[in-house]
Amino acid sequence: MTYVVIDNCINCKYTDCVEVCPVDCFYEGENTLVIHPDECIDCGVCEPECPADAIRPDTEPGMESWVELNRKYSELWPVITQKKDPMPEAEKYDGESGKLEKYFSEAPGEGD
Numbered sequence: 001m002t003y004v005v006i007d008n009c010i011n012c013k014y015t016d017c018v019e020v021c022p023v024d025c026f027y028e029g030e031n032t033l034v035i036h037p038d039e040c041i042d043c044g045v046c047e048p049e050c051p052a053d054a055i056r057p058d059t060e061p062g063m064e065s066w067v068e069l070n071r072k073y074s075e076l077w078p079v080i081t082q083k084k085d086p087m088p089e090a091e092k093y094d095g096e097s098g099k100l101e102k103y104f105s106e107a108p109g110e111g112d
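Now the structure itself:
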């Protein structure tokens with residue numbers, strides 16, 4: 001099992017999760033985070049830390065495409081290990097459906 005970041009992180013990008021990760025497996029895109037599934041040790045400490053409820057175990061139904069998205073971009077984007085401010089309009093986008101199709105950016109973030 002591994003954990004993955006799903007679409008509710010997009011345009012929110014809360015980083016509370018990166019501070020508690022013991023193995024630094026979060027990577028930062030321009031408007032979202034991802035988890036490297038091969039680096040995640042399945043400890044689960046990140047999941048309850050996410051204010052947007054955007055982290056899920058890969059054992060939930062329908063997570064296969066999220067595992068692949070997280071894998072792909074964790075190999076392209078820089079690692080993030082320190083908490084940063086969320087995106088300016090995070091509260092506005094929190095809970096919106098269809099964010100992957102509407103807003104996802106392939107551009108990398110700044111990382112640490």
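Reminder that position 72 of the sequence shown reads as 72 in full-length UniProt numbering, one-by-one numbering, no gaps.
Where a beta carbon is used, it is the ideal one built from N, C-alpha and C, also for glycine.
message = Given this structure, state the Cα-to-Cα distance separating residue 102 from residue 23, to the nearest angstrom.
response = Working through the sequence shown from its first residue, we reach residue 102 at position 102. Working through the sequence shown from its first residue, we reach residue 23 at position 23. Pairing residue 102 with residue 23, the inter-Cα distance amounts to about 31 Å.
Closest by C-alpha distance to residue 109, when choosing among 26, 7 and 4 = Here residue 109 is taken as the residue at index 109 of the sequence shown, counted from 1. When only C-alpha atoms are compared, the closest one is 26.
key: Start and end residues, beta strand (DSSP E) containing residue 33   = For this step, residue 33 is matched to residue 33 along the sequence shown. Residue 33: member of the beta strand (DSSP E) spanning 33-35, first to last residue.
ask   = Mind checking whether residue 30 and residue 105 have CB atoms under 8 Å apart?
value = Here the question's residue 30 lines up with position 30 in the sequence shown. Here the question's residue 105 lines up with position 105 in the sequence shown. In this structure, residue 30 lies near residue 105, with their beta-carbon atoms less than 8 Å apart.
request  = Taking only the alpha-carbon atoms, compute the straight-line gap between residue 65 and residue 59 and give it to the nearest angstrom.
outcome  = Locating residue 65 in the sequence shown gives position 65, where the first residue counts as 1. Locating residue 59 in the sequence shown gives position 59, where the first residue counts as 1. CA-to-CA, the gap between residue 65 and residue 59 works out to about 12 Å.
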